[in-house]
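Structure record follows, encoded as C-alpha cells.
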Amino acid sequence: MDGDVATPNGIVVPSRAITWRFSRGTGPGGQGVNTTDSRVELVADLTQLVGPDDIVERVRSKLGDSVRIVAAAERSQWRNREAALRRLAVRLDAAGRSRRARTPTRPTTGSVRRRLETKRLRSQVKTTRRAPGEDER
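Set out below in C-alpha cells:
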C-alpha cells in the first residue's frame, strides 16, 4: 500500500483518494519564496476510506465526504506534504474515536444549596414586583 495513509484505529485512505494542489507560500524563504510552490493543499475523498465499517461511518458523519488540509509552515514542499499527511492521519484518528459515555453523578451538597438559594432569591424578587393586594385572589 505505497502512498496510502493509515491511522492507528485501522482506517486507510488509499493514495487514489488523495488530491494534491501546490501554490506559492508566504513567509520566510528569500527570493526562493517567489518561485517555489511550497504551500500544499491536500483534499482527501472520504467516500473511499477502507477499514472497520463502524469507524468509517463515524469519521464520515463527523467530517463529511471530503477533508481539506493546508500545510505551509515549512520552506520545502516535501516537508509540507509530510506535515499534511500527518495532520490527515491525526484528524481521521480523532474523528474515528468514540466518546466515552458520561457517568452520571449526584449533585454535590454545595451545588444543591446554591441552586436552592438562587431559587429562593429569585422568588423574593418576583414577589416584590407583584402589585399590592394581588395575593388575596
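Sequential numbering from 145 applies to the sequence shown in the working numbering.
We put the CB at the ideal spot given by N, CA and C, even for glycine.
For residue i, tell me which candidate among the options has the shortest Cα-Cα distance.
i	options	result
Asn153	Ile162, Ala239, Ser210, Gln268	Ala239
Phe166	Val156, Val187, Pro158, Val157	Val187
Val211	Arg273, Thr163, Arg258	Thr163
Asp197	Val156, Thr271, Arg274	Val156
Starting from the C-beta of residue i, find all residues in its chain whose C-beta is less than 7 Å away, skip the five residues before and the five after it, and write them out in chain order.
i	result
Ala227	Ala215, Ala217, Glu218
Pro158	Asp148, Gln192, Val194
Measuring only the C-alpha atoms, how far is residue i from residue j?
i	j	result
Arg244	Ser267	39 Å
Thr151	Arg250	38 Å
Pro276	Lys263	22 Å
Arg246	Trp222	42 Å
Arg274	Leu260	22 Å
Short of 6 Å in beta carbon distance, which residues of its chain neighbour residue i, apart from the five on each side in sequence? Order them along the chain.
i	result
Arg225	Val184
Val256	none
CB-CB under 8 Å to residue i, same chain, minus the five flanking residues each way: which ones, in chain order?
i	result
Arg160	Gln192
On the premise that residue j lies in contact with residue i, defined as a C-beta separation below 8 Å, what is that separation, rounded to the nearest angstrom?
i	j	result
Gly195	Ser182	The Cβ separation is near 32 Å, so there is no contact.
Is there a Cβ of chain B sitting closer than 8 Å to that of residue i, yes or no?
i	result
Val211	Here there is only one protein chain, and chain B is not present.
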